[in-house]
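Numbering (numbering that gives the first Met the number 0), first residue to last: 0 to 288.
Cβ atoms here follow ideal geometry from the backbone N, Cα and C, with glycine treated the same way.
Since the structure is predicted, the reported quantities are computational estimates derived from the model, not experimental observations.
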Amino acid sequence: MAITVEKPGPDGLPEAVDALREWQAEGVAWQLHPGDLGWFWRSGAEATAAAVRIWRRDGRILAVGLLDGADLLRLTTAPGVRRDEDLARRMAEDIVAPERGVLPVGKVAVEAPMDALLQDVLPEHGWRADEPWTPLRRDLTEPVKAPDLRIETIGPDECHVWADVMRGAFDGSKFTPEKWRTMAASAPYADGRCLVGYDERGDAVAAVAVWSAGPGKPGILEPMGVHRNHRGHGHGRAITVAAAAALRELGSSSAGVNTPSSNVAAVATYESGGFQRLPEVRDLARDAP
């Protein structure tokens, strides 16, 4: 059967989320997690569906991609088809041809598992290795010691606090309580939690979202931030530890996060929270003509 690529529409998003949940496993590069779709969902189901691409063969989902912004396609495949040549070449054809509607013209990048055959095929079309990213992982077999911050799990009544910290943590962020409610209504958030850390004065100083993929599967942190007015006090480490503890409560086997290798401070923060650095990974990029 021929391999096809499609935009799923809002009604098709739960199927993509279920596929991503099924593919998560220890020792398998996660690259794209249900939580990545959950965080994107803050813009709404219509926008998320417009950004998702699904590759199928004989009705079975083989790969899922998320157009994360205008110039980055984050994707992963079912573990058993990482080296499937027909899939790799069909995906490459769809990616390199703007008329296929997967990526636009100009400078763009693809984030794919390092063991996927696509990593070998795209360079045949003139693509090159791009900036390095550092994955980090914390095993959750053992209990996680409580951090030094007071940690609260955020619900609808407190979502404005989480939104305030996010805006204070990321320059240019326009995150609102309405976006939180939209995100929290998404399919991935059934396995998610949002946490806020409060200092000794009762100020909200740090926030994180955690996303499980189900019991016994790896979970992720996305996003994590410390308010710019409260940096330099170890709050990043504390909220990171709290995130790991929350994922363990949700049944996750490990906690993962991915950050640009150039962000040395972020890498150091995660390591201080018990995360271990894994080998760097690289996007593949195509320069503008």
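Pairing residue 137 with residue 50 gives a Cβ-Cβ distance that is not under 9 Å. Counting along the chain, the unbroken beta strand (DSSP E) around residue 131 starts and ends at 127–138. In this structure, the CA atom of residue 218 is about 22 Å from the CA atom of residue 264. In this structure, DSSP gives residue 161 a helical state, which the three-state scheme calls helix. Within 10 angstroms of the beta-carbon of residue 140 lie fewer than 16 other beta-carbons, which makes it exposed. As computed with DSSP, residue 275 is found in a beta bridge with 136. Here residue 220 is bridged, per DSSP, to 209.
Cβ-Cβ separation between residue 208 and residue 191: approximately 6 Å, consistent with a contact (criterion under 8 Å). With fewer than 16 other Cβ atoms inside 10 Å of its own Cβ, residue 104 counts as exposed. Residue 259 sits close to residue 133, with the two beta carbons spaced by under 9 Å.
Straight through space, the alpha carbons of residue 97 and residue 70 are spaced by roughly 12 Å. Assigned with DSSP and collapsed to three states, residue 228 falls in helix. Residue 187 sits buried, since 16 or more C-beta atoms from the chains shown fall within 10 Å of its C-beta. Looking at the DSSP output, residue 191 sits in a beta bridge with 210.
Residue pairing from DSSP places residue 254 in a beta bridge opposite 137, 218.
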